[in-house]
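Engineer: Chain order of the listed sequences is D and R.
To convert, count from 1 in the first sequence and add 13; that's this note's numbering.
To convert, count from 1 in the second sequence and add 625; that's this note's numbering.
Think of the CB as a built atom: it goes at the ideal place given N, C-alpha and C, for glycine as much as any other residue.
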Amino acid sequence: SSLTERHKILHRLLQEGSPSDIT
Amino acid sequence: ILLSTVSPEQFVLTLLEAEPPNVLVSRPSKPFTEASMMMSLTKLADKELVHMIGWAKKIPGFVDLSLYDQVRLLESCWMEVLMIGLMWRSIDHPGKLIFAPDLVLDRDEGKCVEGILEIFDMLLAMTSRFRELKLQHKEYLCVKAMILLNSSEYAVASDRLSRSHDCLVPPCAVRPGPLTCFLFFVHSNKGMEHLLSMKCKNVVPVYDLLLEMLNAHTLRGQ
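1. At the 9 Å Cβ level, is Lys682/R part of the contact set with chain D, yes or no?
2. For a cutoff of 9 Å on Cβ pairs, would you count Gly686/R as touching chain D?
3. Mapping the DSSP letters down to three states, classify Phe810/R as helix, strand or coil.
4. Is any heavy atom in the ligand SAM found nearer than 8 Å to the beta carbon of Leu821/R?
5. Taking contact to mean at least 3 C-beta pairs separated by less than 8 Å, is the stretch 721-737 of chain R in contact with the stretch 684-702 of chain R?
6. Output, in chain order, the set of chain D residues within a Cβ distance shorter than 8 Å of Glu837/R.
7. Are at least three pairs of beta-carbons, each pair with one atom in the stretch 679-689 of chain R and one in the stretch 762-774 of chain R, less than 8 Å apart?
8. I need the DSSP call for Val768/R, collapsed to helix, strand or coil.
9. When DSSP builds the beta bridges, which residues end up paired with Lys815/R?
10. Around the Cβ of Pro796/R, are there at least 16 other Cβ atoms within 10 angstroms (buried) or fewer (exposed)?
11. Run through the DSSP bridge pairs and tell me what Asp731/R is partnered with.
12. Within a Cβ cutoff of 6 Å, which residues of the same chain sit near Pro803/R, ignoring the five residues on either side of it in sequence?
13. Applying the criterion that 16 or more other CB atoms from any shown protein chain within 10 Å of the CB defines a buried residue, is Val768/R buried or exposed?
14. Which two residues bound the contiguous alpha helix (DSSP H) that contains Thr17/D?
15. Figure out for me which residue from Cys702/R, Ile684/R, Ala643/R and Cys792/R has the closest Cα to the Cα of Gly816/R.
16. Taking Lys668/R as the reference, which of Pro656/R, Leu749/R and Val648/R has the closest Cα?
17. My understanding is that Leu707/R touches Glu673/R, with C-beta atoms under 8 Å, so please give their C-beta distance in whole angstroms.
18. Roughly how many angstroms lie between the CA atoms of Leu820/R and Ser789/R, to the nearest whole one?
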């Protein structure tokens, strides 16, 4: 599988949110 | 941060400001079972991983990499970053592993999880070496950043990343021998294999970011 497919949460965290947005 | 003008001292200050917060995971009121200890440890790891992404994004040069390279670096180093953080928290507490301020484990508590005592002993031994070599906080910050920036098995090309490496050299050059040792000591293979085996035996369910990172490791292995 591609990196995007296997890292949905990681991609979201890297691209969008800071940890405080997520937790 | 303009890397072309930053001094080594400013670089270390940036690393200090990037430090993740302490994560809490309350210890169960009952004595640990295999499942409850693994549940506490995996819950903690998942929370720490989220903060690790925030930390990595603050390491100068990291966000200038392609998303693909950022993922590859984090895929490669996450367990080692978790381990060095644990060792740093435990450095002043011989015989104990400070997973979190409210999750302090004695070596013998590892007996309740199959195969984990060997890993606890390895972590305690590595922490002892850090203590003997008098690892300083500044050095810990630099070594952790080095683990991230050097983690990919593939070359990651970026001028900014090269500059980050250059900024790490002066703070590390004061004690290059011990620093090399610190990097040499931190290996995650056994921890990763143990977590995979616990997941495969259904001792503990693994969810979310931790599951992604663990699956990535499995796929890389294949």
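Structural biologist: Answer, in terms of the structure:
1. Chain D places a beta carbon closer than 9 Å to that of Lys682/R, counting this residue as a contact.
2. False, the Cβ-Cβ gap to chain D never drops below 9 Å.
3. Helix at Phe810/R.
4. For the structure depicted, the ligand SAM is absent and the ligand set is empty, with no information on it obtainable.
5. With a cut-off of 8 Å, the stretch 684-702 of chain R and the stretch 721-737 of chain R do not count as touching, because too few Cβ pairs lie within range.
6. Those are Arg19, His20, Lys21, Ile22 and Leu23, listed as they occur along chain D.
7. Output reads yes: the stretch 762-774 of chain R touches the stretch 679-689 of chain R.
8. Looking at Val768/R - three-state DSSP - the assignment turns out to be helix.
9. According to DSSP, Lys815/R bridges with nothing at all.
10. For Pro796/R, the number of other beta carbons within 10 angstroms of its own is at least 16, and it is reported as buried.
11. The partner list for Asp731/R (beta bridge, DSSP) reads Lys721/R.
12. Excluding residues within five positions, the ones whose Cβ falls inside 6 Å are Leu758.
13. By the 10 Å Cβ count, Val768/R comes out buried.
14. First-last of the alpha helix (DSSP H) with Thr17/D: Leu16 to Arg19.
15. Considering only alpha carbons, the answer is Cys702/R.
16. Comparing Cα positions, the closest option is Val648/R.
17. Between Glu673/R and Leu707/R the Cβ distance is about 6 Å, and since that is below 8 Å, they are a contact.
18. Answer to the nearest angstrom: the Cα atoms are 32 Å apart.
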